[in-house]
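Top line first, the protein sequences correspond to chains A and B. Residues in the first sequence are numbered from 1352 upward in steps of one, following our numbering. Residues in the second sequence are numbered from 37 upward in steps of one, following our numbering. The beta-carbon is built from N, C-alpha and C at its ideal position, and this holds for glycine as well. Reading through the structure tokens given below for one structure.
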Amino acid sequence: KQEVTQIPAALSVPEGENLVLNCSFTDSAIYNLQWFRQDPGKGLTSLLLIQSSQREQTSGRLNASLDKSSGRSTLYIAASQPGDSATYLCAVRFDYGQNFVFGPGTRLSVLP
Amino acid sequence: GAVVSQHPSWVICKSGTSVKIECRSLDFQATTMFWYRQFPKQSLMLMATSNEGSKATYEQGVEKDKFLINHASLTLSTLTVTSAHPEDSSFYICSARVGQSTYGYTFGSGTRLTVV
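Have a look at this one:
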């Protein structure tokens, strides 16, 4: 069964800290992996999309890495801000499938 | 580009009534649409996949007679929750495959359904 897990489930940090969110997936045969942000009661905001042939993607203070062989991806957030507080979802599109499989998310709180 | 407009963003309905959620692709043809739902404090789970002009494929445990999906055109897909019950209260979100692109997917903004 293709599964996606994320740790930690929740994280609370003071403003300014650099932090790492982890995502693991059970099958290394993936098309791509995408990180999303979800604010309470809202939809998804796409942050970064990493194709299976790529090792990392960067956007502003965000950097996502992909290690297919070990089934892992990390989302690095630099100099965290209170506005970064949200739930971060990792979603994987596996080979032989069209849909994304979502992880349970990491709920991030950045304290001012 | 590649925007999916989802409506309504939130809806409250009485138990036993039906609710229709629409997803429209504004600037592309959505050949395939995915419907997900998210219960409180849980992640998004795929409910069904629909291809334009075909019957939807439902995931195990999703009642096809309760969650009616119509994808009659390349720009519109609808999810109708029939005879809604409080346990159907959830966040529903659609995702469209952009044309025949292998990598291109876009998500709607989601619908918060509360059944009272």
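{"query": "Which residue from B:VAL134, B:LYS102 and B:ARG60 puts its Cα closest to that of B:ALA120?", "result": "B:LYS102"}
{"query": "Helix, strand or coil for A:PRO1433? Go by DSSP, reduced to three states.", "result": "helix"}
{"query": "Taking just the CA atoms, how far does B:VAL47 sit from B:VAL98?", "result": "21 Å"}
{"query": "Go ahead and label B:PHE143 buried or exposed: buried means 16 or more other beta carbons lie within 10 angstroms of its beta carbon, across all protein chains shown.", "result": "buried"}
{"query": "Closest to A:ASP1378 by CA distance: which of A:ASP1446, A:ARG1458 and A:PHE1451 is it?", "result": "A:ASP1446"}
{"query": "Any beta carbon of chain B sitting closer than 9 Å to that of A:LEU1398?", "result": "no"}
{"query": "With 16 other CB atoms within 10 Å as the buried threshold, where does A:PHE1453 fall?", "result": "buried"}
{"query": "How is the beta strand (DSSP E) around B:HIS107 delimited, first residue to last?", "result": "103–109"}
{"query": "Output the boundary residues of the beta strand (DSSP E) element that contains B:THR150.", "result": "147–151"}
{"query": "B:TYR94 to B:ALA132, Cα distance in whole Å?", "result": "16 Å"}
{"query": "Note down, in chain order, all residues in the region 55–68 of chain B with a beta-carbon under 7 Å from any beta-carbon belonging to chain A.", "result": "THR68"}
{"query": "Any idea which residues DSSP pairs A:ALA1442 with across the strands?", "result": "A:GLN1385 and A:PHE1453"}
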